[in-house]
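Numbering (my numbering), first residue to last: 376 to 530.
Backbone N, C-alpha and C define an ideal beta-carbon position, used for all residues, glycine too.
No experiment lies behind these values; they were computed from the predicted model shown.
Structure representation (structure tokens):
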């Protein structure tokens with residue numbers, strides 16, 4: 376059973392706080408018809424971890440972005456929601472998954488974000504985005520603000 380508490384962080388905006396769970400799966404669907412065409416977008420999970428959060432330290436989670444009907448644009452990777460206690464380098468043999476790609480970034484507004492994937496909006500599409508953390512250990516204290524989709528900045 377997944378237990379979330381709804382919290383208000385700004386006027387008329389709700390967030391979900393995980394109270395206690397052993398298996399966590401968060402997903403949502405996005406219709407891209409309201410987004411600008413022929414633009415590359417990135418999707419991010421925006422969240423924070425309470426000081427007493429458990430189950431996320433040194434434990435990568437799987438994040439994904441699936442473009443329905445366009446499997447060639449799907450992405451799935453493992454990332455850290457909380458920075459590991461020891462420095463980690465992609466491809467390091469001490470990390471068990473070859474798909475491990477990094478960790479979250481602290482935003483200026485106090486929230487953290489982790490990239491779920493990116494896609495080219497060259498036509499109306501439907502996306503499934505989300506995160507899975509199914510290791511059977513207790514997880515508490517993650518507050519999920521939502522999924523943010525924004526144009527990819529050119530380097």
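The beta strand (DSSP E) that contains residue 417, what's its start and end? Note, residue 417: beta strand (DSSP E), 414-429.
What would DSSP say about residue 389, mapped onto helix, strand or coil? The answer is strand: DSSP assigns residue 389 an E or B state.
Short Cβ contact (7 Å threshold) for residue 399 with residue 496: The answer is no: Cβ separation not under 7 Å.
Please work out which residues of its chain come closer than 7 Å, Cβ to Cβ, to residue 499, disregarding the five sequence neighbours upstream and downstream, and give them in chain order. These residues qualify, in order along the chain: 407 and 408.
Taking its Cβ as the centre, do 16 or more other Cβ atoms sit within 10 Å of residue 481, making it buried, or is it exposed? Classified as exposed, residue 481 has fewer than 16 neighbouring CB atoms from the shown chains inside 10 Å of its CB.
If you draw a straight line from the C-alpha of residue 427 to the C-alpha of residue 514, how long is it? The alpha-carbon atoms of residue 427 and residue 514 are separated by roughly 10 Å.
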